[in-house]
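Have a look at the structure below, then the notes.
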Amino acid sequence: MGLVVQKYGGSSVADAEGIKRVAKRIVEAKKNGHQVVVVVSAMGDTTDELIDLAEQVSPMPAGREFDMLLTAGERISMALLAMAIKNLGHEAQSFTGSQAGVITDSVHNKARIIDVTPGRIQDSVDQGNIAIVAGFQGVSQDKKDITTLGRGGSDTTAVALAAALNAEVCEIYTDVDGVFTADPRVVKKAKKIDWISFEDMLELASSGSKVLLHRCVEYARRYNIPIHVRSSFSGLQGTWVSSEPIEQGDKKVEQAIISGVAHDTSEAKVTVVGVPDKPGEAAAIFRTIADAEINIDMVVQNVSAASTGLTDISFTLPKTEGRKAIDALERNKSGIGFDSLRYDDQIGKISLVGAGMKTNPGVTAAFFEALSGASVNIELISTSEIRISVVTRADDVPEAVRAVHTAFGLDSDSDEAVVYGGTGR
Ligand code: ADP
Ligand code: ASP
Ligand code: MG
Numbered sequence: 000m001g002l003v004v005q006k007y008g009g010s011s012v013a014d015a016e017g018i019k020r021v022a023k024r025i026v027e028a029k030k031n032g033h034q035v036v037v038v039v040s041a042m043g044d045t046t047d048e049l050i051d052l053a054e055q056v057s058p059m060p061a062g063r064e065f066d067m068l069l070t071a072g073e074r075i076s077m078a079l080l081a082m083a084i085k086n087l088g089h090e091a092q093s094f095t096g097s098q099a100g101v102i103t104d105s106v107h108n109k110a111r112i113i114d115v116t117p118g119r120i121q122d123s124v125d126q127g128n129i130a131i132v133a134g135f136q137g138v139s140q141d142k143k144d145i146t147t148l149g150r151g152g153s154d155t156t157a158v159a160l161a162a163a164l165n166a167e168v169c170e171i172y173t174d175v176d177g178v179f180t181a182d183p184r185v186v187k188k189a190k191k192i193d194w195i196s197f198e199d200m201l202e203l204a205s206s207g208s209k210v211l212l213h214r215c216v217e218y219a220r221r222y223n224i225p226i227h228v229r230s231s232f233s234g235l236q237g238t239w240v241s242s243e244p245i246e247q248g249d250k251k252v253e254q255a256i257i258s259g260v261a262h263d264t265s266e267a268k269v270t271v272v273g274v275p276d277k278p279g280e281a282a283a284i285f286r287t288i289a290d291a292e293i294n295i296d297m298v299v300q301n302v303s304a305a306s307t308g309l310t311d312i313s314f315t316l317p318k319t320e321g322r323k324a325i326d327a328l329e330r331n332k333s334g335i336g337f338d339s340l341r342y343d344d345q346i347g348k349i350s351l352v353g354a355g356m357k358t359n360p361g362v363t364a365a366f367f368e369a370l371s372g373a374s375v376n377i378e379l380i381s382t383s384e385i386r387i388s389v390v391t392r393a394d395d396v397p398e399a400v401r402a403v404h405t406a407f408g409l410d411s412d413s414d415e416a417v418v419y420g421g422t423g424r
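For the sequence shown, counting from 1, position 127 maps to 126 in numbering that gives the first Met the number 0; every step adds exactly one.
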């Protein structure tokens, strides 16, 4: 039996009872003969609470100190989990991300893992311990500062360790039974997916299905690490995310035409009003945004008014970057040349994902018909080979997701989508 990496999300370790429950589950894996490395998130909504606290002290806290604060959440849960395991009569040692050899670049709050040197973790499990690693954190290669990997980053820690340790599988334990055809908190009739390809999962994750973080799926695809997403509250089989379909009985699970519907209400829209319609203007706007280290999502440029020669350019970005983007654009207003800025954080994005889109005509038409049937107005559209996304009013999102889910025949006959814990925050 080989080494397994298990990751437990915040909702699975929300309180002392949760930590004890998870400890039992980890000990079971060890008793079954595996070497076990566990990655753990901060308890419940601890990270959000630490962010709220920082904002009360300073409206724009410095990245280095902010990261130092946030990593405290995972330190609490890793130590408590190691204690709970020892209490069950098994040896466990906890490690910070830095001790576990998670080396990152130095972009605070959203650092990328550039190397993993898990010597101490390997030694610890070779000596018979269960190794517990704090998720979501690392240490920067150049400055040796503590960094965090962005919200939900423990998923990436788990896959990166699984790759570095040559693990058989990376198990992601959460508060639902796997990856569903839509968020079970929004669609009660969502269906559990038995197997999904890295490609479709990557699109779902980057479109807002936070059950897995997109960087973690990217990493798993690059190193071909199979992920098993499952509930820490039930014993059910979850969802396999891998390059090749899994076997069920003597048949391979088929690739679905449509994998699911994702939604995201964490973005905002910035409109740069009155931009001269001439070469170089979009470049100047997006260079300003890039220099502020802000990632954008969708972009749309309106047709310019013939009488003025001016146009508007809109783009979407994470709400958490909104202030920074507006400040950067205002600072460069005269250099870029525009009239004003509009900021709208009441938007939502709905995306339909599926590899079958490439070869099945009519998917786009059916998607727009479903939205029109639910009287949802579309503000922006973007597509990839296997995804269609639209921006709408945030209030319309739940209804729109359900309408699209039904229109594509994804509703299950039973209400199998159970949410075991978490606050959905
Ligand atoms: P954890 O604390 O375990 O990391 P997260 O809150 O990050 O858990 O992710 C699990 C949540 O992801 C679920 O509770 C669910 O609301 C949400 N979710 C969004 N889309 C999906 C989907 N397609 N399938 C399953 N869960 C989803
Ligand atoms: N605790 C961090 C967060 O809430 C990381 C994680 O849970 O994956 O984003
Ligand atoms: Mg998560």
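We treat Cβ as the ideally placed atom computed from N, Cα and C, and that holds for glycine.
Rounded separation between residue 329 and residue 212 - CA only | Residue 329 sits at position 330 when you count from the first residue of the sequence shown. Residue 212 sits at position 213 when you count from the first residue of the sequence shown. Their Cα atoms are separated by approximately 32 Å.
Say the cut is 8 Å; is the CB of residue 69 nearer than that to a heavy atom of the ligand ASP?
-> If you number the sequence shown from 1, residue 69 lands on position 70. Yes, the Cβ of residue 69 comes within 8 Å of a heavy atom of the ligand ASP.
With a threshold of 16 other CB atoms inside 10 Å of the CB of residue 134, please say whether the residue is buried or exposed.
-> Locating residue 134 in the sequence shown gives position 135, where the first residue counts as 1. Burial call: buried.
Is it the case that the Cβ atoms of residue 63 and residue 129 are separated by a distance below 9 Å?
-> By one-based count along the sequence shown, residue 63 stands at place 64. By one-based count along the sequence shown, residue 129 stands at place 130. Going by C-beta atoms, residue 63 is not nearer than 9 Å to residue 129.
Verify the contact flag: residue 271, CB atom, against every heavy atom of the ligand ADP, threshold strictly below 8 Å.
-> As a position in the sequence shown, residue 271 is number 272, starting the count at 1. At a cut-off of 8 Å, the beta-carbon of residue 271 does not count as near the ligand ADP: no heavy atom of the ligand is closer than that.
Where do the N-terminal and C-terminal ends of the alpha helix (DSSP H) with residue 71 fall, by residue?
-> Looking up residue 71 in the sequence shown gives position 72. 62 to 86 is the extent of the alpha helix (DSSP H) around residue 71.
Indicate whether residue 377 and residue 396 have their beta-carbon atoms separated by less than 9 Å.
-> Mapped onto the sequence shown, residue 377 falls at position 378. Mapped onto the sequence shown, residue 396 falls at position 397. Cβ distance not < 9 Å, so residue 377 and residue 396 don't count as in contact.
Report whether the distance from the Cβ of residue 135 to the nearest heavy atom of the ligand ASP is below 8 Å.
-> Looking up residue 135 in the sequence shown gives position 136. Yes, Cβ of residue 135 sits closer than 8 Å to a heavy atom of the ligand ASP.
Hey, is the stretch 299 to 308 in contact with the stretch 354 to 369, meaning 3+ C-beta pairs nearer than 8 Å?
-> no
Can you give me the Cβ contacts of residue 162 inside the same chain, cut-off strictly under 6 Å, excluding the 5 residues immediately before and after it?
-> Reading the sequence shown from its first residue, position 163 is the one you call residue 162. Here the set comprises 222, 224.
CB-CB under 7 Å to residue 187, same chain, minus the five flanking residues each way: which ones, in chain order?
-> Numbered from its first residue, the sequence shown carries residue 187 at position 188. The residues are 414, 416.
Roughly how many whole angstroms lie between the Cα atoms of residue 259 and residue 333?
-> If you number the sequence shown from 1, residue 259 lands on position 260. If you number the sequence shown from 1, residue 333 lands on position 334. One C-alpha to the other measures close to 44 Å.
What are the start and end residues of the alpha helix (DSSP H) that includes residue 153?
-> The residue given as residue 153 occupies position 154 in the sequence shown. Run containing residue 153: 153 to 163, per the alpha helix (DSSP H) assignment.
Does DSSP classify residue 199 as helix, strand or coil?
-> Looking up residue 199 in the sequence shown gives position 200. Helix, per DSSP.
Going straight from the alpha carbon of residue 284 to that of residue 294, what length do you get?
-> Taking the first residue of the sequence shown as 1, we reach residue 284 at position 285. Taking the first residue of the sequence shown as 1, we reach residue 294 at position 295. Answer to the nearest angstrom: the Cα atoms are 13 Å apart.
State the beta-bridge partners of residue 179 as determined by DSSP.
-> Along the sequence shown, one-based indexing puts residue 179 at 180. DSSP output for residue 179 lists 191 as bridge partner(s).
Could you tell me the distance, in whole angstroms, from the CA atom of residue 394 to the CA atom of residue 375?
-> As a working note, residue 394 is residue 395 in the sequence shown. As a working note, residue 375 is residue 376 in the sequence shown. C-alpha separation (whole angstroms): 10 Å.
Just grab the DSSP bridge partners of residue 226 for me.
-> To locate residue 226, count along the sequence shown from 1; it is residue 227. For residue 226, DSSP records a beta bridge to 169, 240.
May I have a chain-ordered list of the alpha helix (DSSP H) segments no shorter than 4 residues that lie completely inside the stretch 339 to 411?
-> Runs found: 362 to 372, 396 to 406.
Give the single residue among 7, 401, 3 whose Cα lies nearest to the Cα of residue 421.
-> Residue numbering aside, residue 421 sits at position 422 when the sequence shown is read from its first letter. The residue with the shortest Cα to Cα distance from residue 421 is 7.
Consider the C-beta atom of residue 426 and the heavy atoms of the ligand ASP; say whether any pair is separated by less than 8 Å.
-> No statement about residue 426 is possible, as the shown extent of the chain runs from 0 to 424 and does not include it.
Measure the C-alpha to C-alpha separation of residue 303 and residue 247 and round it to an integer number of angstroms.
-> Counting from one through the sequence shown, the residue named residue 303 turns up at place 304. Counting from one through the sequence shown, the residue named residue 247 turns up at place 248. If you take the alpha carbons of residue 303 and residue 247, they lie about 55 Å apart.
For the beta strand (DSSP E) that residue 145 lies in, which residues bound it at each end?
-> Within the sequence shown, residue 145 is the residue found at index 146, counting from 1. 145 to 147 is the span of the beta strand (DSSP E), which, as asked, contains residue 145.
Considering only residues of the same chain and omitting the five flanking positions on each side of residue 53, which have a CB-CB separation below 7 Å?
-> The sequence position of residue 53 within the sequence shown is 54, counting from 1. Contacts found: 60, 65, 68.
Provide the residue(s) that pair with residue 246 in DSSP beta bridges, ordered along the chain.
-> Translated into the one-based positions of the sequence shown, residue 246 becomes position 247. Answer by DSSP bridge pairing, in chain order: 251.
Closest by CA to residue 191, which one among 197, 170, 165, 229?
-> Against the sequence shown, residue 191 aligns to sequence position 192. Looking at 197, 170, 165, 229, the one whose alpha-carbon comes closest to that of residue 191 is 229.
From what residue to what residue does the alpha helix (DSSP H) around residue 122 run?
-> Translated into the one-based positions of the sequence shown, residue 122 becomes position 123. Residue 122 -> alpha helix (DSSP H) spans 118 to 125.
Closer than 6 Å to the ligand MG: residues, by C-beta to nearest heavy atom, in chain order | 8, 151, 154, 209
Any chance the stretch 147 to 161 sits against the stretch 202 to 219, with 3 or more Cβ pairs inside 8 Å?
-> Segments in contact, yes.
Could you spell out where the beta strand (DSSP E) holding residue 21 opens and where it closes?
-> By 1-based counting over the sequence shown, the position of residue 21 is 22. Per DSSP, residue 21 is not a residue of any beta strand (DSSP E); the alpha helix (DSSP H) it occupies stretches across 15 to 30.
Close-in-space but distant-in-sequence residues of the same chain around residue 116 (CB under 8 Å, 5 per side omitted) | Taking the sequence shown and counting its residues from 1, the one referred to as residue 116 is at position 117. The beta carbon of residue 116 sits closer than 8 Å to those of 100, 102, 163, all from its chain and outside the five residues before and after it, given in chain order.
Are there three or more Cβ pairs, one per stretch, closer than 8 Å when the stretch 242 to 257 is compared with the stretch 334 to 349?
-> no
CA nearest to the CA of residue 136, picked from 327, 38, 24 = In the sequence shown, residue 136 corresponds to position 137, counting from 1. Residue 136 has its Cα closest to that of 38, out of 327, 38, 24.
Pull up the CB-CB distance for residue 262 and residue 321, whole angstroms please, since I reckon it's below 8 Å.
-> Sequence index remark: in the sequence shown, residue 262 carries index 263 (1-based). Sequence index remark: in the sequence shown, residue 321 carries index 322 (1-based). Contact flag wrong, Cβ pair sits at about 19 Å.
Which of helix, strand or coil DSSP assigns to residue 259 = Here residue 259 is taken as the residue at index 260 of the sequence shown, counted from 1. Three-state DSSP puts residue 259 in a strand.
Report yes if the C-beta of residue 246 is less than 8 Å from at least one heavy atom of the ligand ASP; otherwise report no.
-> What you label residue 246 is simply residue 247 of the sequence shown in a count that begins at 1. Residue 246: no, Cβ never under 8 Å from the ligand ASP.
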